[in-house]
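Asks: Mind looking over this structure? Questions follow.
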Amino acid sequence: DEDTARHKRYSAHQSVSVDSDGVTIDDSLRHTFWFIQISDLHLSVHFGPKRAPDLEQFCREYIDIMKPSVVLATGDLTDARTRDPMGSRVFEEEWLMYWNALNKTNVTTKTIWLDIKGNHDNFNVYGWNSPNNFFQKYSIRGPNTTRSYRYSLRHDTE
Numbered sequence: 001d002e003d004t005a006r007h008k009r010y011s012a013h014q015s016v017s018v019d020s021d022g023v024t025i026d027d028s029l030r031h032t033f034w035f036i037q038i039s040d041l042h043l044s045v046h047f048g049p050k051r052a053p054d055l056e057q058f059c060r061e062y063i064d065i066m067k068p069s070v071v072l073a074t075g076d077l078t079d080a081r082t083r084d085p086m087g088s089r090v091f092e093e094e095w096l097m098y099w100n101a102l103n104k105t106n107v108t109t110k111t112i113w114l115d116i117k118g119n120h121d122n123f124n125v126y127g128w129n130s131p132n133n134f135f136q137k138y139s140i141r142g143p144n145t146t147r148s149y150r151y152s153l154r155h156d157t158e
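Reminder that position 142 of the sequence shown reads as 142 in UniProt numbering, one-by-one numbering, no gaps.
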């Protein structure tokens with residue numbers, strides 16, 4: 001019937017060879033990797049008390065299910081807002097929430113964790129050597145980088 005013919009057409013293994021690099025592009029998952037981007041965690045000492053436990057659950061349970069090669073944690077890891085809606089400053093306690101969630105779950109043994117600062121993570125941080133630069137102290141990449149970094153992923157045999 002027509003549905004069976006259509007299924008056979010789309011499920012047949014098809015490949016195209018790219019001779020210049022010796023790479024075969026086909027419908028297999030070879031040379032494919034998964035990454036997850038999380039952003040705007042806004043871990044806070046004042047607001048959203050479930051955010052840190054949610055991050056722990058994500059690291060403990062969902063990483064094991066999805067098995068990404070890389071997690072990109074792209075900014076506003078902390079909230080850095082005071083109770084007063086007009087105030088802002090970094091709080092070491094918020095960075096400890098982040099650090100503890102990652103360490104309690106051993107997530108960095110399961111995947112590559114690439115974290116990047118956002119604007120909230122820089123409130124009242126006046127320089128890389130500022131005593132308020134908690135990214136440098138409590139993030140995964142901060143202790144080994146300055147301002148920005150590049151990461152090259154090796155996947156499969158490449």
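Even glycine gets a Cβ: it sits at the ideal position worked out from N, Cα and C.
Closest to Phe123 by C-alpha separation, out of Asp84, Asp79, Arg51, Pro85, would be which residue?
Replies: Measuring from the Cα of Phe123, the nearest candidate turns out to be Asp79.
Asks: So is Trp113 buried or exposed if we call it buried at 16+ other beta carbons inside 10 Å?
Replies: Label assigned to Trp113: buried.
Asks: Can you tell me whether Thr108 is buried or exposed, with buried defined as 16 or more other CB within 10 angstroms of its CB?
Replies: Exposed.
Asks: My guess is that Arg83 and His46 are in contact by the Cβ rule of under 8 Å, so how many angstroms apart are they, rounded?
Replies: Contact holds; Cβ gap of about 5 Å.
Asks: Taking DSSP as the reference, what is the three-state secondary structure of Asp121?
Replies: Correct three-state label for Asp121: helix.
Asks: Output yes or no for whether 8 Å exceeds the beta carbon distance between Val71 and Thr111.
Replies: The answer is yes: Cβ separation under 8 Å.
Asks: Under 8 Å between the Cβ atoms of Met86 and Ala52?
Replies: No, these two residues do not count as a Cβ contact at 8 Å.
Asks: If you follow the beta strand (DSSP E) that Asp115 is in, where does it begin and where does it stop?
Replies: 112–116 is the span of the beta strand (DSSP E), which, as asked, contains Asp115.
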